[in-house]
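Residue numbers (this note's numbering), protein chains in the order written: chain G, 1 to 231; chain V, 1001 to 1489; chain Y, 2001 to 2100. Quick reminder that beta carbons are idealized off the backbone N, C-alpha and C, glycines included. Keep in mind that this is a model prediction, so the values were computed, not measured. The next block holds one structure in the form of structure tokens; read it before the comments.
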């Protein structure tokens, strides 16, 4: 019975796959041409940054980015609502702890660089935030129960910072007459940098926080499931 | 220059952030956010009702490069309904959650609200994907708030199924962008020509959305998820979240794929809708627990909404207005009625400690306001006059018979009969006066021993909502038809 | 079709069709496998498939700047997928799926 069902699924998906492949072939050999590329690249100078992807993310389609930061916030809140952080699985070994002490500062530095360079080269808030999140995960793996994050009240501020700064900037611009999320050319570069900085902190904090799978405990209360620290 | 469309999304986002950062004041911030957001939504509704459709190009870039928000008669009406229902749920929720849960509830609730408003006002197809994800994540997280394994399991399934739907929808959007070079709803509609691309994109996008709208047989995730969630969340899930997915199917059908769809797809949706009506109503009739009954009733109501598609496909232009008005009226009425029913069920559950229908008698008798609310909700769900559902079902049946598609009618009739049966099953307990477990014949004496007291405000909310569903929407449905006139500026 | 477009087309087809294959494998795995972790991986593979299609659409050749819009869409999509996966994993952990 299960075998028949699985076979039917495979057959159906194969059929769908053929249809999709045919449509994709038609699209790629068709006249769609350059789509939005030329239009976007032509207007990049009006956005305040020179990296086209950053222009799209933080200016043309800034509203998408705002909602995406809200998605991250929702995930963090959802994770926190399930309970307290879980204990670690294994205590960290010496090598990991030693290396972490070197790697984490490098990660933080790289994150800062990524954030800055995103205006004119590949990089930006999400990449930088991912590096910070990785630093937090590494800290957690090497034995720090708080993953390098501040205590809960400040962590709440950190996680909400991206949405807060972005929304406030947009509302202030609206109140000033420019329009919701309309960045005037003169201040666009700095506005985007401010927003991206807040977003980087928020993304890093969120990614590290969800790795804890729950609300963080005070530092002393996070035993491992298997044994104590080896030494 | 106040951009009410943007405010409708920005205000709940701000409220959510405030509730996160100041958890001690979460309920107050939450309620303030609720009131402000509803005001923004009402402004949008008023502006659209008075004049033209609204459109806002965020960032000043304009389609196809930028993202736009838009509100016409259909989306404005649903927006107003959703915000009013959400406001009522917020007031109800002030007292519902204990100290531990409320700092989790309010920020997630406001994020869900922002997603709903963003969805109704969206005019960009990828933006819809992000909005759908925000909606799904916050809804699943809220549904699992009680922490009970059944609730967590049911909402995890909801999250996974929702992700499956979103990914399918996203593939559709990717192919559409590849083929047409735009993500804007209006521009894509103008550029789309019938052909394999249109059909594929249609199947992918609508297919993904059907999972989220819980159309039979893709409804399996809904009853456990809605029944296990806390009452305010169940109300929002059934009345609003599922409605939002249906709205998207309707919007895409009418606006984007209008030239492409033919009778075949419409007939399929109608057949599935009939299945939903019959199966959902039957399972509701057989349900042991009140919230499960209400959840299956939602499955049936979604079926009724989808039954309009084959009629829309065959109707001449003059009748389309009527049909669209009827489906809108049905959606609005169900929103208020189902939310009122779930909130009432929540109150009964608090009073009795359980929601087994057979044993709810003393609780119903002790809370007459709640009993009245359930009765009115029943009137709206069955479709008795003067509720909006009556008008909508009338239009549905007369259109089906009038256009020669009489085969849609039996399902509707059967569903209505079953609905009457399950509504009366619940209400019968309110009239039963037999002896219970050794207590005296005095129902009030029973309840005096119960340790839980139900606040007056909490009782008033569902009553108000079901009153709107039955009286206001039923008697004052005219303006809706005007609202649906073409309002392009 | 101009001859100069053929290498671009071949690259686009490789990644685009590859993306579709990933998408279908993801759906198959989601429907067929039971454990939560496999379903989550399946969803992520589906996502990777869609992202492949978008990147393929954005490619315009080695000498030309690619279309930035699909790249931004993919970035957004990745973050959204990660958030949803995080929540699903945590809910699953609470249910006791930690040993799947």
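Exposed or buried, what is residue 94 of chain G when buried is set at 16 or more other beta-carbons lying within 10 Å of its beta-carbon?
For residue 94 of chain G, the number of other beta carbons within 10 angstroms of its own is below 16, and it is reported as exposed.
When the Cβ atoms of the region 1416-1436 of chain V are set against those of the region 1357-1365 of chain V, are three or more pairs found closer than 8 Å?
Yes, the region 1416-1436 of chain V touches the region 1357-1365 of chain V.
Among V/1246, V/1345 and V/1373, which one has its Cα closest to the Cα of residue 1294 of chain V?
Answer by Cα proximity: V/1345.
Would you say residue 1220 of chain V lies against chain Y (beta-carbon separation less than 9 Å)?
No, residue 1220 of chain V does not count as interfacial toward chain Y.
Looking only at its own chain, which residues have a Cβ that is under 7 Å from the Cβ of residue 2043 of chain Y, when we skip the five neighbours before and after it?
Around residue 2043 of chain Y: 2026 and 2030.
DSSP has residue 1056 of chain V in a bridge; who is on the other side?
Residue pairing from DSSP places residue 1056 of chain V in a beta bridge opposite V/1069.
In chain order, what residues of the same chain have a beta carbon less than 7 Å from the beta carbon of residue 1372 of chain V, not counting five sequence neighbours either side?
Counting only Cβ-Cβ distances below 7 Å, and skipping sequence neighbours, we find 1463.
So, at 6 Å on beta carbons, what are the nonlocal neighbours of residue 1107 of chain V in its own chain, with the 5 sequence-adjacent residues on each side left out?
For residue 1107 of chain V, where only same-chain residues beyond five positions count, the Cβ hits under 6 Å are 1016, 1019 and 1020.
Length of the line joining the Cα atoms of residue 208 of chain G and residue 2013 of chain Y:
Taking the straight line from one Cα to the other gives about 37 Å.
Can you give me the Cβ contacts of residue 1323 of chain V inside the same chain, cut-off strictly under 7 Å, excluding the 5 residues immediately before and after it?
Taking C-beta separations shorter than 7 Å and ignoring five residues to either side along the sequence, the partners of residue 1323 of chain V in its chain run 1308, 1311, 1312, 1315, 1395 and 1399, following chain order.
Pair within 9 Å by beta-carbon distance, residue 2076 of chain Y and residue 65 of chain G:
Between residue 2076 of chain Y and residue 65 of chain G, the C-beta gap is smaller than 9 Å, which places the two residues in contact.
Please go through the same chain and pick out, in chain order, the residues whose beta-carbon is closer than 7 Å to the beta-carbon of residue 1252 of chain V, but skip the five residues on each side of it.
Same-chain partners within the cutoff: 1205 and 1206.
Where does residue 2093 of chain Y sit, in a helix, a strand or coil, going by DSSP?
Here residue 2093 of chain Y carries a helix assignment [DSSP, helix/strand/coil].
Can you list, in chain order, the residues of its chain whose CB lies under 6 Å from that of residue 1082 of chain V, leaving out five sequence neighbours each side?
Cβ-Cβ distances below 6 Å link residue 1082 of chain V to 1116 and 1240 in the same chain, with the five nearest sequence neighbours on each side left out; the list follows chain order.
DSSP three-state label for residue 2060 of chain Y, please.
In the structure shown, residue 2060 of chain Y sits in coil (DSSP, three-state: anything other than H, G, I, E or B).
For residue 1148 of chain V, does the three-state DSSP call read helix, strand or coil?
Secondary structure of residue 1148 of chain V (DSSP, three-state): coil.
Going along the region 1098-1122 of chain V in order, which residues come within less than 7 Å of chain G, judged by CB to CB distance?
Of all residues in the region 1098-1122 of chain V, 1104, 1107, 1108, 1111, 1114 and 1118 have a Cβ within less than 7 Å of some Cβ in chain G.
Just to confirm the assignment: which complete beta strand (DSSP E) runs, minimum length 3, are found wholly within the region 46-90 of chain G?
Those beta strand (DSSP E) runs which fall completely within the region 46-90 of chain G and span 3+ residues do not exist here.
Output needed for residue 151 of chain G: all residues of its chain with C-beta closer than 6 Å, excluding positions within five of it in sequence on either side, in chain order.
Counting only residues of its own chain and dropping the five nearest sequence neighbours on each side, residue 151 of chain G has no CB closer than 6 Å to any other CB.
Say whether the region 152-172 of chain G touches the region 196-203 of chain G, bearing in mind that this needs 3 or more beta-carbon pairs closer than 8 Å, one atom from each stretch.
Pairwise C-beta distances place the region 152-172 of chain G in contact with the region 196-203 of chain G, as three or more of them are shorter than 8 Å.
For the ligand SAM, any of its heavy atoms closer than 8 Å to the Cβ of residue 1033 of chain V?
This structure lacks the ligand SAM; in fact it carries no ligand of any kind.
What's the gap between the Cα of residue 1109 of chain V and the Cα of residue 1085 of chain V?
Going by the C-alpha atoms only, they are around 13 Å apart.
Put residue 1356 of chain V into one of helix, strand or coil per three-state DSSP.
Residue 1356 of chain V: strand per DSSP, three-state reduction.
When the cut-off is 9 Å and only beta carbons count, does residue 2007 of chain Y lie next to chain G?
Under the 9 Å criterion on CB atoms, residue 2007 of chain Y is classed as non-interfacial with respect to chain G.
For residue 162 of chain G, which residues from the same chain have a beta carbon less than 6 Å from its beta carbon, with the 5 sequence-adjacent residues on both sides left out?
Excluding sequence neighbours, residue 162 of chain G sits near 69, 198, 199 and 202.
Please say whether residue 211 of chain G and residue 147 of chain G have beta carbons closer to each other than 9 Å?
Yes, they are a contact pair.
Quick one: is residue 1136 of chain V near chain Y, going by C-beta distance under 9 Å?
Yes, because at least one Cβ of chain Y sits closer than 9 Å to the Cβ of residue 1136 of chain V.
Express the C-alpha separation of residue 1176 of chain V and residue 1375 of chain V in angstroms, rounding to a whole number.
Rounded to the nearest angstrom, the two C-alpha atoms are 47 Å apart.
Interface residues of the region 147-174 of chain G facing chain V [CB-CB below 8 Å]:
Of all residues in the region 147-174 of chain G, only 156, 157, 159, 160, 163, 164, 167, 168, 170, 171 and 174 place a beta-carbon less than 8 Å from a beta-carbon of chain V.
May I have the straight-line CA-CA distance separating residue 2045 of chain Y from residue 1132 of chain V, to the nearest angstrom?
Roughly 19 Å between the two C-alpha positions.
Got a sec? Which residues, its chain only, sit under 6 Å from residue 1283 of chain V by beta carbon, not counting five neighbours each side?
So the list reads 1296, once near-sequence residues are dropped.
Where does residue 2034 of chain Y sit, in a helix, a strand or coil, going by DSSP?
Correct three-state label for residue 2034 of chain Y: coil.
If you draw a straight line from the alpha carbon of residue 1047 of chain V to that of residue 1054 of chain V, how long is it in whole angstroms?
Between residue 1047 of chain V and residue 1054 of chain V, the C-alpha separation is close to 8 Å.
By the 7 Å beta-carbon criterion, what residues does the region 2084-2099 of chain Y contribute toward chain V?
Per Cβ criterion, the list reads 2084, 2087, 2088, 2091, 2092, 2094 and 2095.
Is residue 1287 of chain V helix, strand or coil by DSSP?
DSSP places residue 1287 of chain V in coil when its eight states are reduced to three.
What runs of the alpha helix (DSSP H), each 4 residues or longer, lie entirely inside the region 1357-1391 of chain V?
Counting only runs of 4 or more, we get 1361-1366 and 1368-1382.
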